[in-house]
Amino acid sequence: MAKCDGGYFCYGCGEYVENITVSELYLRYVMREVAYEKLLETPDGHIRCNENLAQYIVDDRFEPVHVDEPKLAKANLDPAFVRAEEERVTRAWRHLQALPQSGIPMREYPLDEDGVWRGASGEQESDETSSAEEPSAFEC
Ligand SMILES: [Zn+2]
């Protein structure tokens, strides 16, 4: 798949996904819900366009997202679950906001299972993929 050949338009609203800080795909990558190898073949969208996910981001810099569907709205869900999701998703979102300026290689973006970023200092498998093959569509 050509790097700049479409594929980075939001599946929700159809607008271009400007960079990784607003990308639902990369937010889920940071949370280890999307594998590195799947980044190029997974549909991307704005974080805000995935209301069910975006509602769990609680940060002054992020305008709260309201979910209309009663079964999915966090106001109607188990408070313990909501608190855990807010912590998990907000932590990943904050991490994501800092990544473009960080100089961290994309392969080291994801948080650990416990939500802590250890990156280069952790016991990562060796990087056998050359940097030329990095899915770097946002640097086009
Ligand atoms: Zn969108």
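Following our numbering, the numbering of the sequence shown begins with 1360 at its first residue and continues without gaps. We treat Cβ as the ideally placed atom computed from N, Cα and C, and that holds for glycine.
field: Nearest to R1423 (by Cα), restricted to the options D1473, T1449, E1377 and V1393
entry: Position check: residue 1423 holds Pro in this sequence, whereas Arg was assumed. P1423 has its Cα closest to that of T1449, out of D1473, T1449, E1377 and V1393.
Three-pair Cβ contact test at 8 Å for the segment 1448-1464 versus the segment 1414-1432: yes
query: Helix or strand or just coil, what does DSSP make of Y1385?
result: helix
task: Identify the continuous alpha helix (DSSP H) that holds T1449 and give its terminal residues.
output: P1438 to S1461
task: If I'm right that H1405 touches E1428 with Cβ under 8 Å, what's the distance once you round it to whole angstroms?
output: Going by Cβ atoms, the distance from H1405 to E1428 rounds to 18 Å, so no, they are not a contact pair.
query: Closest Cβ-Cβ distance between L1458 and chain B: below 8 Å?
result: Structure shown: chain B not included; a single protein chain is present.
task: Within 10 angstroms of the Cβ of H1425, are there 16 or more other Cβ atoms? Answer buried if so, exposed if not.
output: exposed
- prompt: Does the Cβ of H1425 lie closer than 7 Å to at least one heavy atom of ligand 1?
  reply: no
- prompt: With a CB to CB cut of under 8 Å and the five nearest residues on each side skipped, what residues in its chain are close to C1408?
  reply: C1369, Y1370, G1371, C1372 and E1383
- request: Take the Cβ of Q1483 as the centre, count every other Cβ of all protein chains shown within 10 Å, and call the residue buried at 16 or more, exposed below.
  value: No answer about Q1483 holds up, because its pLDDT of 45 lies below 50 and its placement is not dependable.
Under the three-state DSSP convention, the category Y1395 falls into: helix
field: E1374 CB to nearest heavy atom of ligand 1 below 7 Å
entry: yes
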